[in-house]
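Okay, so the sequence shown: first residue is 465 according to my numbering, each after it adds one. Worksheet: one structure, shown below.
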Amino acid sequence: MLVQKYKNMLSGKSVIRQLSEFATARGQEIGYENVFDYSLGNPSVAVPQEFTDAMIRLLQEKNPMELHGYSPSLGITSVREAIAASLEKRFGIPYRKEHIFMTSAAAGAIAHALRLVVEEGDEVLIFAPFFPEYRPYIELTGAKLKIVPPDTETFQINFTAFEEMLTDKVKAILINTPNNPSGIVYSTETVQKLADILRAKSAQYGHEIYLISDEPYREIVFAGVDAPCVSKFYENTMMCYSFSKSLSLPGERIGYLAINPACADAETMVNMCGQISRGIGHNCPPSIIQLAVCDVLDKTADLSVYETNMNLIYKELKSLGFTCVKPGGTFYIFPKALEEDSIAFCNKALKYDLILVPADSFGAPGFFRMAYCIATEKVERSLAALRKFVETEYPNR
465 MLVQKYKNML SGKSVIRQLS EFATARGQEI GYENVFDYSL GNPSVAVPQE FTDAMIRLLQ
525 EKNPMELHGY SPSLGITSVR EAIAASLEKR FGIPYRKEHI FMTSAAAGAI AHALRLVVEE
585 GDEVLIFAPF FPEYRPYIEL TGAKLKIVPP DTETFQINFT AFEEMLTDKV KAILINTPNN
645 PSGIVYSTET VQKLADILRA KSAQYGHEIY LISDEPYREI VFAGVDAPCV SKFYENTMMC
705 YSFSKSLSLP GERIGYLAIN PACADAETMV NMCGQISRGI GHNCPPSIIQ LAVCDVLDKT
765 ADLSVYETNM NLIYKELKSL GFTCVKPGGT FYIFPKALEE DSIAFCNKAL KYDLILVPAD
825 SFGAPGFFRM AYCIATEKVE RSLAALRKFV ETEYPNR
């Protein structure tokens with residue numbers, strides 16, 4: 465007999481993926497250049513040439529067994545050392561290789577981080593709006609997911625609701641800054657207040673409350689935005705990083721988990737990750753990709769297009785009467801729909817070949833997400849479709 469919980473998940477497929485598939489099918493009918501697909505957060509800028517050069521050099525110069533053989537369970541030692549040194553130089557935190565575990569992108573890092581500190585019956589708090597995949601990430605560990613409702617005025621943390629929900633059953637908090645889907649970056653004030661509360665509650669309850677910080681958009685922060693390093697503020701922080709967005713490498717599935725050296729039993733936690741991998745079939749990412757990203761740790765793709773696109777869309781949305789908090793980073797914007805039912809709103813947009821994602825599954829009904837990781841030329845052409853949609857469907861807005 466098949467396992468029912470996974471069978472049940474078939475009825476809850478990702479709305480993002482479904483809309484992306486719709487956009488692809490529609491593109492086959494009218495040409496994909498005429499479909500304004502804001503569904504999927506797939507980076508749209510080229511991988512840095514330095515990464516391509518590193519791959520070529522490795523293939524030409526290195527022993528094939530080194531490139532294509534198994535790496536150590538925790539990741540290639542030289543890569544872990546380089547990442548630790550880069551983090552220490554950048555953030556002033558004394559990371560060493562013993563604090564770094566190589567993963568299949570941020571998803572793999574979160575999978576390990578959760579299993580390090582929660583088990584059956586424990587609670588994990590997340591903040592709406594949130595990446596919908598957090599639900600299976602958490603629930604399939606046996607822990608209980610609890611969602612803190614959003615502060616829709618700012619999309620910073622709703623501390624009133626958070627403190628009410630922070631009971632002694634809570635073993636971990638999962639945050640995402642810069643945030644998918646809101647595009648908001650948690651401010652220094654927000655991160656400091658969060659750290660102070662967690663420190664006080666950990667002492668009160670007699671156990672650590674771990675902070676899992678999901679940071680795949682860390683490098684996509686716009687001019688003048690306050691973007692603190694979360695790990696500098698709270699000792700029991702686990703940083704989950706991915707090169708998918710910074711280097712435009714989502715298909716390579718490469719990232720790491722960095723345990724704050726000040727965390728209790730930090731080095732034991734990284735060694736435990738190797739054992740967790742045995743149970744979830746992770747078994748470390750490809751050796752050649754680990755080595756290639758090691759060569760470009762301080763590089764990024766040309767991420768400036770995302771701020772350009774954001775400014776174009778934000779200006780148009782505001783001119784059309786949308787309520788929208790201006791993003792501080794990522795490649796997402798999160799306006800309030802022009803009617804209470806954002807699913808109905810997004811369905812109407814399909815008639816204008818605008819692919820928008822309703823935010824019900826993000827924990828914020830009434831809002832929608834636009835992933836503007838598309839060519840600026842296409843963003844500019846989409847604005848006419850957006851105006852036509854709004855003026856036709858909502859003439860009395």
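We put the CB at the ideal spot given by N, CA and C, even for glycine.
Distance between residue j and residue i (C-alpha atoms, nearest Å)
i, j, result
"I637", "S535", "31 Å"
"R742", "K852", "54 Å"
"P528", "R521", "12 Å"
"L781", "K800", "10 Å"
"C788", "L466", "44 Å"
"F623", "P645", "19 Å"
"V734", "E562", "7 Å"
"Y559", "Y681", "21 Å"
"L818", "V511", "27 Å"
"I777", "V769", "12 Å"
"S484", "G495", "15 Å"
"V509", "F486", "23 Å"
"A546", "Y705", "15 Å"
"E497", "A848", "14 Å"
"I797", "K553", "32 Å"
"L589", "Q524", "48 Å"
Contacting residues, own chain, Cβ-Cβ under 7 Å from residue i (five flanking each side not counted)
i, result
"L820", "Y502, C810, A813, F832, M834"
"K665", "L630, I673"
"P596", "S478, S825, F826"
Range of the contiguous alpha helix (DSSP H) that encloses residue i
i, result
"F900", "Given a span of 465 to 861 for the chain in the structure shown, any question on residue 900 remains unanswerable."
"E514", "513-525"
"K842", "840-857"
"N811", "806-813"
"F623", "623-629"
"R599", "598-603"
Start-to-end residues for the beta strand (DSSP E) that takes in residue i
i, result
"L609", "608-612"
"G495", "Where G495 is concerned, there is no enclosing beta strand (DSSP E), given that its DSSP letter is neither H nor E."
"F786", "Taken as a continuous stretch (DSSP letters only), F786 belongs to no beta strand (DSSP E), as it is neither H nor E."
"M702", "701-706"
"L662", "L662 -> not in any beta strand (DSSP E); alpha helix (DSSP H) instead, spanning 652-669."
"K635", "634-640"
"R833", "832-835"
Contact belief for residue i with residue j at Cβ below 8 Å, rounded distance in angstroms
i, j, result
"C727", "E699", "6 Å"
Sequence-distant residues of the same chain with beta carbon closer than 6 Å to residue i, five excluded per side
i, result
"K608", "E587"
"A691", "V649, V685"
"P859", "none"
"E584", "G606"
"K635", "V581, V582, D586"
"H576", "L721, C737, I740"
Selected residue, minimal CA-CA separation from residue i, among the options
i, options, result
"N775", "C837, I752, G556", "C837"
"I807", "A823, R599, K815, E545", "A823"
"I639", "L604, P600, V655, P714", "V655"
"K657", "P613, F697, S708", "F697"
"S478", "A546, G505, I723, I661", "G505"
"T541", "V612, S846, D805, C758", "C758"
"K779", "N472, Q739, E844, Y601", "E844"
"E841", "R490, S475, F500", "F500"
"P614", "I602, N472, A592", "A592"
"G715", "N773, T856, S568", "S568"
"G470", "L578, G572, F565, E603", "Here the sequence assigns Tyr to residue 470, which means Gly is not the residue at that position. Residue E603 is the option with its Cα nearest to Y470."
Chain-order list of residues whose beta-carbon lies under 8 Å from that of residue i (same chain, five-residue window excluded)
i, result
"P600", "M473"
"G533", "S751"
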